[in-house]
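Note that this note's numbering numbers the sequence shown so that position 123 is 138, with each residue one more than the last. Note that CB positions come from ideal geometry on N, CA and C, so glycine has one too. Only a predicted model underlies this, so the values are computations on that prediction, with no experimental measurement involved.
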Amino acid sequence: MEFWGANVRAGKPSIVQPERGKLVHISQVALGKVNNKKMDKSVHLSVKINGENYIIGSLSAETRPQMMLDLVFQKTFELSHDWKDGIVSFIGYTTNNDAVNVGRGDDFAGDYDDSESNDDDVGLDTSDSSPMDSSNSEDSRNSDA
């Protein structure tokens with residue numbers, strides 16, 4: 016996992032191309048230096064991906080100069096905003112895209128097959144005793160052996 020950031024200037028969208036086998040996670044966005052706290056409008060934040068433009072949030076110097084996000088990209092995307100007076104900082108991190116790194120294409124590697132689950136691996140007690148019943152505790156089982 017590595018820090019990632021992009022300072023997007025007024026009128027100059029930032030094109031981001033994740034490295035092969037990497038994902039870009041955007042976790043926060045903030046207005047840069049604000050000289051006039053009484054901005055007359057909100058700053059709209061946009062992302063363009065696959066030719067489609069999406070508004071992902073709005074910032075205001077007076078009420079919301081920063082906000083949390085949880086966006087993940089594996090393909091090239093473009094960040095922009097409509098603030099005429101400054102820079103908007105998008106920050107987050109990059110991480111390996113395990114789906115690509117293990118040769119599984121665009122599928123996420125998080126598929127879970129519970130048939131491979133083994134309760135002993137996670138330390139679960141599968142006995143029929145209730146949590147308050149000490150007769151089946153580890154100490155009493157070991158003392159009978």
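On the CB-based measure, 16 or more other CB atoms within 10 Å of its CB, does residue i come out buried or exposed?
{"i": "Phe18", "result": "exposed"}
{"i": "Gly26", "result": "exposed"}
{"i": "Asn65", "result": "exposed"}
{"i": "Asn112", "result": "buried"}
{"i": "Asn133", "result": "With a pLDDT of 45 at Asn133, under the threshold of 50, the predicted position of this residue should be treated as unreliable, though the coordinate-derived value follows. By the neighbour-count rule (16 or more Cβ atoms within 10 Å), Asn133 is not buried but exposed."}
Among the residues of its own chain, which have a CB less than 8 Å from the CB of residue i, if the five just before and after it don't count?
{"i": "Glu34", "result": "Thr109"}
{"i": "Lys90", "result": "Pro33, Ile64, Asn65"}
May I ask you to list the residues that DSSP assigns as paired with residue i?
{"i": "Ser61", "result": "Ile70, Ser95"}
{"i": "Ile41", "result": "Leu86, Gly107"}
{"i": "Gly20", "result": "Ile106"}
{"i": "Lys48", "result": "Per DSSP, none; premise fails for Lys48."}
{"i": "Gln81", "result": "Ala45"}
{"i": "Lys167", "result": "With the chain represented from 16 up to 160, any question about residue 167 goes unanswered, as that position is not in the structure."}
Here's a check: name, in chain order, each residue in its chain whose Cβ is nearer than 6 Å to the Cβ of residue i, leaving out the five neighbours to either side.
{"i": "Arg24", "result": "Ile102"}
{"i": "Tyr69", "result": "Val62"}
{"i": "Val49", "result": "Ala76"}
Suppose the cutoff is 7 Å on Cβ atoms and the five residues either side in sequence are ignored; what does the same chain contact list for residue i look like?
{"i": "Leu94", "result": "Ala21, Val23, Pro28, Ser29, Val31, Val62, Phe105"}
{"i": "Ile41", "result": "Leu84, Leu86, Phe105, Gly107"}
{"i": "His59", "result": "Ile70, Ser73, His96, Asp97"}
{"i": "Asp140", "result": "For Asp140, the predicted structure reports a pLDDT of 41, less than 50, and the residue's modelled location is therefore unreliable. A value from the coordinates is still provided. Answer for Asp140: no residue qualifies."}
Assuming residue i contacts residue j under a Cβ cut-off of 8 Å, what Cβ separation, rounded to an integer in Å, is found between them?
{"i": "Pro80", "j": "Leu38", "result": "Pro80 to Leu38, Cβ: 27 Å. No contact."}
{"i": "Val44", "j": "Met82", "result": "6 Å"}
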